[in-house]
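Chains as they are written, first to last, in my numbering: chain A, 1409 to 1545; chain B, 1409 to 1545.
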DNA sequence: TTGCTTAATAAGAAAAATTACTCTTTACAA
DNA sequence: TTGTAAAGAGTAATTTTTCTTATTAAGCAA
């Protein structure tokens, strides 16, 4: 990988992500920053998010309702994702059994570098709303 | 959800996915079908893939190298994803402990409808290629 | 069966999200 | 200070979703 040079924009993007627990999207970052950095390009946000996740400084969560979401926490942990409102919540890690990774590596010859584990469903708020809608129909 | 009507295009899309184990992308499906169905629209492929996965007839795997991939197998199972070549491989299910789902549901009030579990890394072929590249540099 | 009704489906265009590319600016080492 | 390559802005291209209008599948009545 190429040398990584210091950059004001990247520092600011990272600071912003570190300060929130909302698992931001690229556009959220852009909207938050564009007043302070008027010349900021959305492409720059995307490029730096990609770079930061490749450097394992932040982490990709996955595409939720059409937008990639990111996570300041790189240590292994699971996520809950609400299918209705798009909420992302950190959960304590659900480690794949060490035996499982070992077996896959041996059987198929893989190098396993990481894992992602997401539960999907309805969050508490959306659960209530769905119940209301049922009653009304 | 709305009533689902029979449709020639959707049947053909589903048949195609059932016949392969390559975890296709929308564009792969489109490329395979466009000769047989000259008027086929890429939008139709996307709409039907979305609908089939909402009906739980196929399953979304996730975005890999910029493209969403799909899986004919809807029963719970894990995936291995190669970060270098984009290979997707089915693995036997790594069930989240029933206790884990139960605990999340109770603690946060979630309704957990499903889970996705992916191992990421290098497949056997890419492992060899990376080794070669190391030797050459 | 035949024709009518309606709502799902399709095509095509447009919008949105993301990535790639080109050219300019800038960080940093020699 | 200067040479270099990384980083940025802006634009274009790609992938995916959404919207509009026309078509068509399927239930119902005659």
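We treat Cβ as the ideally placed atom computed from N, Cα and C, and that holds for glycine. Here the structure is a predicted model, which is why all the values come from computation and not from measurement.
Given residue i as reference, the closest of the options once Cα atoms are compared
{"i": "residue 1556/B", "options": "1515/B, 1527/B, 1500/B", "result": "Residue 1556/B lies beyond the range of chain B shown here (1409 to 1545); nothing can be said about it."}
{"i": "residue 1480/A", "options": "1473/A, 1474/A, 1461/A, 1488/A", "result": "1461/A"}
{"i": "residue 1495/B", "options": "1467/B, 1419/B, 1433/B, 1444/B", "result": "1433/B"}
{"i": "residue 1423/B", "options": "1504/B, 1440/B, 1435/B", "result": "1440/B"}
{"i": "residue 1464/A", "options": "1475/A, 1427/A, 1426/A, 1482/A", "result": "1482/A"}
{"i": "residue 1488/B", "options": "1519/A, 1418/A, 1449/A, 1420/A", "result": "1519/A"}
{"i": "residue 1455/B", "options": "1421/B, 1469/B, 1445/B", "result": "1421/B"}
{"i": "residue 1416/B", "options": "1444/B, 1472/B, 1509/B", "result": "1444/B"}
{"i": "residue 1427/A", "options": "1478/A, 1524/A, 1526/A", "result": "1478/A"}
{"i": "residue 1509/B", "options": "1523/A, 1486/A, 1442/A", "result": "1486/A"}
{"i": "residue 1414/A", "options": "1459/A, 1446/A, 1447/A", "result": "1459/A"}
{"i": "residue 1467/B", "options": "1512/B, 1523/B, 1543/B", "result": "1523/B"}
{"i": "residue 1521/B", "options": "1446/A, 1526/A, 1537/A", "result": "1526/A"}
{"i": "residue 1457/B", "options": "1473/B, 1541/B, 1425/B, 1442/B", "result": "1425/B"}
{"i": "residue 1517/B", "options": "1536/A, 1505/A, 1450/A, 1503/A", "result": "1536/A"}
Anticipated Cβ contact below 8 Å, residue i with residue j, distance rounded
{"i": "residue 1484/A", "j": "residue 1501/A", "result": "5 Å"}
{"i": "residue 1490/B", "j": "residue 1531/B", "result": "4 Å"}
{"i": "residue 1492/B", "j": "residue 1534/B", "result": "4 Å"}
{"i": "residue 1591/B", "j": "residue 1437/B", "result": "In the structure as shown, chain B begins at 1409 and stops at 1545. Residue 1591/B is therefore absent and cannot be evaluated."}
{"i": "residue 1469/A", "j": "residue 1471/B", "result": "That belief does not hold up - the Cβ atoms of residue 1469/A and residue 1471/B are roughly 11 Å apart, past 8 Å."}
{"i": "residue 1475/A", "j": "residue 1435/A", "result": "7 Å"}
Cross-strand partners of residue i (DSSP beta bridge)
{"i": "residue 1486/A", "result": "1499/A"}
{"i": "residue 1475/A", "result": "1472/A"}
{"i": "residue 1529/A", "result": "1490/A, 1520/B"}
{"i": "residue 1467/B", "result": "1479/B"}
Element boundaries [alpha helix (DSSP H), containing residue i]
{"i": "residue 1508/A", "result": "1506 to 1516"}
{"i": "residue 1437/B", "result": "1434 to 1441"}
{"i": "residue 1452/B", "result": "1450 to 1462"}
{"i": "residue 1418/A", "result": "1416 to 1426"}
Determine which residues of the stretch 1502 to 1534 of chain A have a Cβ less than 8 Å from any Cβ of chain B, and write them out in chain order. Going along the stretch 1502 to 1534 of chain A in chain order, one finds 1502, 1504, 1505, 1508, 1509, 1512, 1516, 1517, 1518, 1519, 1520, 1521, 1522, 1523, 1524, 1525, 1526, 1527, 1528, 1529, 1530, 1531, 1532 with a Cβ nearer than 8 Å to chain B.
Give me the subset of the stretch 1468 to 1483 of chain B whose CB atoms are less than 8 Å from a CB atom of chain A, sorted by chain position. 1470, 1471, 1476
What are the residues in the stretch 1442 to 1466 of chain B lying within 9 Å of chain A by C-beta distance? Cβ contacts with chain A come from no residue of the stretch 1442 to 1466 of chain B.
Within 9 Å of chain A by C-beta, residues of the stretch 1490 to 1501 of chain B in sequence order: 1490, 1491, 1497, 1499, 1500
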